[in-house]
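**Student:**
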Amino acid sequence: MLVFFLLFVPLFVLILLGVNMLVATNNPDSAKMAPYECGMPPASDARHKFQISFFLVAILFLVFDLEILFLYPLVVSLYYISSFGFWIAMVFILLLTVGFIAELASGALDYAK
Numbered sequence: 120m121l122v123f124f125l126l127f128v129p130l131f132v133l134i135l136l137g138v139n140m141l142v143a144t145n146n147p148d149s150a151k152m153a154p155y156e157c158g159m160p161p162a163s164d165a166r167h168k169f170q171i172s173f174f175l176v177a178i179l180f181l182v183f184d185l186e187i188l189f190l191y192p193l194v195v196s197l198y199y200i201s202s203f204g205f206w207i208a209m210v211f212i213l214l215l216t217v218g219f220i221a222e223l224a225s226g227a228l229d230y231a232k
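Under the numbering used here, the letters of the sequence shown match residues 120 to 232, in that order.
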């Protein structure tokens, strides 16, 4: 069954992509690149540049959100793990705490500057 899915699914996807490339029409038009559909020309550029701090916060959010993914199994199996597993979990939480303190110390979340 696994071999079937490993062979069939990629082959099916490639067939669908090929059919799409053969059947789809390509009509480039400047109206399709316009940012608004209200009929008025834009007063300014619709694509604003973001400050690098927004991207930094997004990356930090992903890192600290993924740590929750690693902490869920710990909470579920906390009754069954040995003391070695407990101390490994404490080291993980300590590393997260140190990372968060370093993040605050570097001013990554300070928007006032």
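Ideal Cβ positions, reconstructed from N, Cα and C, are used throughout, including at glycine.
Give me the Cα-Cα distance between M209 and M140, rounded to the nearest whole angstrom.
**Tutor:** As a working mapping, residue 209 is identified with position 90 in the sequence shown. As a working mapping, residue 140 is identified with position 21 in the sequence shown. One C-alpha to the other measures close to 53 Å.
**Student:** Are the segment 211–231 and the segment 179–190 touching, with three or more C-beta to C-beta distances below 8 Å?
**Tutor:** yes
**Student:** In the DSSP assignment, the alpha helix (DSSP H) including T144 goes from what residue to what residue?
**Tutor:** Numbered from 1 along the sequence shown, position 25 holds the residue referred to as residue 144. Segment: none, T144 is in no alpha helix (DSSP H) and carries neither H nor E.
**Student:** Give the range of the alpha helix (DSSP H) segment to which S196 is assigned.
**Tutor:** Walking along the sequence shown from the start, residue 196 turns up at place 77. It is not in any alpha helix (DSSP H) - S196 carries neither H nor E in the DSSP assignment.
**Student:** With DSSP as the reference, label L213 as helix, strand or coil.
**Tutor:** By 1-based counting over the sequence shown, the position of residue 213 is 94. Three-state result, L213: helix.
**Student:** Three-state secondary structure (DSSP) at G226?
**Tutor:** The sequence position of residue 226 within the sequence shown is 107, counting from 1. If DSSP states are grouped into helix, strand and coil, G226 belongs with coil.
**Student:** Report yes if the CB atom of A227 is closer than 7 Å to the CB atom of L181, and no otherwise.
**Tutor:** Start at 1 with the first residue of the sequence shown, and residue 227 comes out as number 108. Start at 1 with the first residue of the sequence shown, and residue 181 comes out as number 62. Result no, Cβ atoms of A227 and L181 do not sit closer than 7 Å.
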